[in-house]
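Chains as they are written, first to last, in my numbering: chain A, 13 to 395; chain B, 13 to 395.
Every residue, glycine too, gets a C-beta built ideally from N, C-alpha and C.
Note that the coordinates shown come from a computational prediction; the quantities given were computed from them, not determined experimentally.
Number of protein chains: 2
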Amino acid sequence: MRQITAQDLEYLSVGAAILGAGGGGDPFIGKLMAQRAIEEQGPVTLLDPDDLEDDALVLPSAMMGAPTVTLEKIPEGLEIVRAFRAEEHHLGMKVTATSPIECGGINSQIPFLLAAHARIPVVDGDGMGRAFPELQMETFHVYGLSGSPAVVADELGSIVTLETPNNHHLEWLARGVTIRMGGQSLLVDYPMSGADFKRTAVHRTISMGIKIGEAVTNAHANGQHPIDAICASTQDTIYGRGVVLFRGKIADVERRTREGFAFGRATLQGMGESQGSEMAIEFQNENLVAIKDGQVIASVPDIICLLDNEMATAITNERVRYGQRVVVVAIPTPEIMRTEAALEVWGPKAFGYDIPFTPLEKHFAEYYRRYGVLPDKEKYLQG
Amino acid sequence: MRQITAQDLEYLSVGAAILGAGGGGDPFIGKLMAQRAIEEQGPVTLLDPDDLEDDALVLPSAMMGAPTVTLEKIPEGLEIVRAFRAEEHHLGMKVTATSPIECGGINSQIPFLLAAHARIPVVDGDGMGRAFPELQMETFHVYGLSGSPAVVADELGSIVTLETPNNHHLEWLARGVTIRMGGQSLLVDYPMSGADFKRTAVHRTISMGIKIGEAVTNAHANGQHPIDAICASTQDTIYGRGVVLFRGKIADVERRTREGFAFGRATLQGMGESQGSEMAIEFQNENLVAIKDGQVIASVPDIICLLDNEMATAITNERVRYGQRVVVVAIPTPEIMRTEAALEVWGPKAFGYDIPFTPLEKHFAEYYRRYGVLPDKEKYLQG
Numbered sequence: 013m014r015q016i017t018a019q020d021l022e023y024l025s026v027g028a029a030i031l032g033a034g035g036g037g038d039p040f041i042g043k044l045m046a047q048r049a050i051e052e053q054g055p056v057t058l059l060d061p062d063d064l065e066d067d068a069l070v071l072p073s074a075m076m077g078a079p080t081v082t083l084e085k086i087p088e089g090l091e092i093v094r095a096f097r098a099e100e101h102h103l104g105m106k107v108t109a110t111s112p113i114e115c116g117g118i119n120s121q122i123p124f125l126l127a128a129h130a131r132i133p134v135v136d137g138d139g140m141g142r143a144f145p146e147l148q149m150e151t152f153h154v155y156g157l158s159g160s161p162a163v164v165a166d167e168l169g170s171i172v173t174l175e176t177p178n179n180h181h182l183e184w185l186a187r188g189v190t191i192r193m194g195g196q197s198l199l200v201d202y203p204m205s206g207a208d209f210k211r212t213a214v215h216r217t218i219s220m221g222i223k224i225g226e227a228v229t230n231a232h233a234n235g236q237h238p239i240d241a242i243c244a245s246t247q248d249t250i251y252g253r254g255v256v257l258f259r260g261k262i263a264d265v266e267r268r269t270r271e272g273f274a275f276g277r278a279t280l281q282g283m284g285e286s287q288g289s290e291m292a293i294e295f296q297n298e299n300l301v302a303i304k305d306g307q308v309i310a311s312v313p314d315i316i317c318l319l320d321n322e323m324a325t326a327i328t329n330e331r332v333r334y335g336q337r338v339v340v341v342a343i344p345t346p347e348i349m350r351t352e353a354a355l356e357v358w359g360p361k362a363f364g365y366d367i368p369f370t371p372l373e374k375h376f377a378e379y380y381r382r383y384g385v386l387p388d389k390e391k392y393l394q395g
Numbered sequence: 013m014r015q016i017t018a019q020d021l022e023y024l025s026v027g028a029a030i031l032g033a034g035g036g037g038d039p040f041i042g043k044l045m046a047q048r049a050i051e052e053q054g055p056v057t058l059l060d061p062d063d064l065e066d067d068a069l070v071l072p073s074a075m076m077g078a079p080t081v082t083l084e085k086i087p088e089g090l091e092i093v094r095a096f097r098a099e100e101h102h103l104g105m106k107v108t109a110t111s112p113i114e115c116g117g118i119n120s121q122i123p124f125l126l127a128a129h130a131r132i133p134v135v136d137g138d139g140m141g142r143a144f145p146e147l148q149m150e151t152f153h154v155y156g157l158s159g160s161p162a163v164v165a166d167e168l169g170s171i172v173t174l175e176t177p178n179n180h181h182l183e184w185l186a187r188g189v190t191i192r193m194g195g196q197s198l199l200v201d202y203p204m205s206g207a208d209f210k211r212t213a214v215h216r217t218i219s220m221g222i223k224i225g226e227a228v229t230n231a232h233a234n235g236q237h238p239i240d241a242i243c244a245s246t247q248d249t250i251y252g253r254g255v256v257l258f259r260g261k262i263a264d265v266e267r268r269t270r271e272g273f274a275f276g277r278a279t280l281q282g283m284g285e286s287q288g289s290e291m292a293i294e295f296q297n298e299n300l301v302a303i304k305d306g307q308v309i310a311s312v313p314d315i316i317c318l319l320d321n322e323m324a325t326a327i328t329n330e331r332v333r334y335g336q337r338v339v340v341v342a343i344p345t346p347e348i349m350r351t352e353a354a355l356e357v358w359g360p361k362a363f364g365y366d367i368p369f370t371p372l373e374k375h376f377a378e379y380y381r382r383y384g385v386l387p388d389k390e391k392y393l394q395g
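This is the structure:
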């Protein structure tokens, strides 16, 4: 248990942008909103999953929509509080904690905005260990929980409560509402017990986001290159160390907002150690695959992130521009996100790619042998 | 107060198809569902608005979507009951009566299906005195009531509760959900007191629908032509007598389902007394304007209906086919539907036509002088 400060949210916004995998929405606006809420309402407690009571009622919170929209349509600020109250009204119960649905991007911050106003703690864990574009792409779904009742709210005061026996249908309906709300909404879903949260969530992803952000921010002071600091910062977590995939400049970006999602493809020309090579990154809100000279070398659910060459800040897809100098870094995901059930929901096939998921540790076995991995990942280093 | 029988629903399905103005959905499926519900659950009471308690809680019920969809996607049957229960849960109150939102088409029947299962009466009146395509096109909206909270339900067991301060936004959001439910949903909206119902509803439209149906069905036995029987059957109601606009055959139909609505245009070639003339009927779910040789001679909110030349049964737009012999009949609407506030919501301009609304009694002043009109319509016969 710890009190979250404005400085923690600052670090978190840096770390969560990296875990956003190119999507998740720029955390900047969310950070400002959460910081102001804490300033006005007092500090928020970050609760370790081990400290969560089994009979707690946890209600995850998030923003929904295409990150391209958030750039132009700033939330009013209390949508998420209205959604939260509507869910309590619907359930006829008091919610005792919130958590992120996704620890990547702006959605790392939204729970703190809600928690400050509702005066409840945020549990340190989330439903995808990164950012993903759809509501059923959550460990909560993968491990058997219902997303319903969910509530989405808009800045006009509209509140829509959705209940459906099928989480894919929930995504479909909530997306439809979000599109008609202007492409963006605030959302609560997957109400669950503390015991269910502990069983299904990816643990301690918020404190990891803060840790990554702190490492990048203080890298120069610590005599480290910030890219190295990022790669090292996840070394001893359930994720494992990050790896540099490519260095180059943006030669082309295609991007279109369709059906409530930001789809697209960035093409990079190699520079430095990647000179002579080309990389393509394809995304649906988040980066899905990194293709080097025609070969997929990283894919969902592993995290693929474009970082600014100088500052090592994450560049979200709606901000990628021709000519930018970037480093592409990938971070392996925890084993709870790589089970057969999980890959069915968010492996490459779930996004229409006819390829199997190959973990980063296997693609870069030599690198990981050198730096070491946690015991549950050693299987990838064989052969 | 009267008990509604299976025979009444039979008559109602005939009369309501005419009040559907080409839309409202074919009542056939709704009639079968309502008849079965009455058979299983017992008879339903039709309550005169004068007998409704001021502090009653009335919850109108309907089907939402493009009538073209209902032809292929048959409701499961209990969607409307789930929507009703969800609204009661949301309000934390028992609903004491339902009513139609629209007395035209399939939506004349849905309240009887619900009422049989929920064991409540149906109030004899509705929110548009005909059929219209959108949720804010209701006298309930025109005269100041909120459509929220509304609930839409689908055959998969999904239930979506919508609350918004703006009835146009309610239409927009509920339409979005309905589209994602496959183009059709079951709906409750505009929960209101008995006093509000009496003030804002179009009164006794269900008993009028039954009366029209009875007149057509028994016309031959009564030695009347069924078209004449239809025109005469509304003579002494708040509507006034129907008038024959055109006789001819269908020369062309354009029809497309877009944004959850059925849009289109039927072209008719004159026969008999209309020989040498042409008529075009344009619709959005319901018929909007009748254009004879380039001149608009009838428009919303007056009711324009295509009837089969032989049987005088109404032909809904999704069933209009090349070569059909038809009679076009129009029925004037009550004054509560023609106020300035009402015409702003459903006059020709609300559907994109840059023409003022001209009442049928004015277009056909000689005809109405001959047959007489109620006192509140005499102003149209001047000059």
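Whole-angstrom distance between residue j and residue i, CA atom to CA atom
i	j	result
B:G252	B:L319	18 angstroms
A:S160	A:N178	9 angstroms
B:M149	B:I92	21 angstroms
A:P123	A:L90	12 angstroms
B:E51	A:R350	54 angstroms
A:A342	B:V163	45 angstroms
B:P397	A:L125	Not covered by the structure: residue 397 of chain B. The range shown for chain B is 13 to 395.
A:E175	A:P238	45 angstroms
B:I293	B:G282	13 angstroms
B:G42	B:S120	8 angstroms
B:P79	B:A231	29 angstroms
B:A127	A:S170	29 angstroms
B:D63	A:L199	44 angstroms
B:Q53	B:A130	9 angstroms
A:P133	A:L69	11 angstroms
A:V301	A:V312	6 angstroms
A:F209	A:P61	8 angstroms
B:L168	A:G77	25 angstroms
A:Q196	A:G272	8 angstroms
A:D38	A:A324	15 angstroms
A:L157	A:V214	14 angstroms
Contact with chain A by residue i, beta-carbon distance below 8 angstroms
i	result
B:E175	yes
Residues that residue i contacts on chain B, provided the C-beta gap is smaller than 9 angstroms
i	result
A:G306	Per Cβ cutoff of 9 angstroms: no residues; A:G306 is ~38 angstroms from chain B at best.
Per-residue contacts from residue i into chain B (C-beta, under 7 angstroms)
i	result
A:L185	S170, V172, V189, R192
Minimum Cβ-Cβ distance from residue i to chain B less than 8 angstroms
i	result
A:N178	yes
Contact belief for residue i with residue j at Cβ below 8 angstroms, rounded distance in angstroms
i	j	result
A:K85	A:G188	About 17 angstroms; that fails the 8 angstroms criterion.
A:L280	A:I262	6 angstroms
B:T173	A:V172	7 angstroms
A:L21	A:A46	5 angstroms
A:Y23	A:T229	6 angstroms
B:A143	B:G117	5 angstroms
A:D305	A:E290	6 angstroms
Neighbour list for residue i in chain A, Cβ cutoff strictly below 8 angstroms
i	result
B:H181	L168, S170
Residue i: CB within 7 angstroms of a non-hydrogen atom of the ligand FAD
i	result
B:R333	Ligands displayed in this structure: none; no statement on the ligand FAD is therefore possible.
Curious, which full-length alpha helix (DSSP H) runs of at least 4 residues does the region 62-92 of chain A contain?
Listed in chain order, the complete alpha helix (DSSP H) runs (minimum 4 residues) inside the region 62-92 of chain A are 79-82.
Curious, which full-length beta strand (DSSP E) runs of at least 3 residues does the region 156-183 of chain B contain?
Correct list: 162-165, 171-175.
Contiguous beta strand (DSSP E) assignments of at least 3 residues, all confined to the region 318-379 of chain A:
337-343
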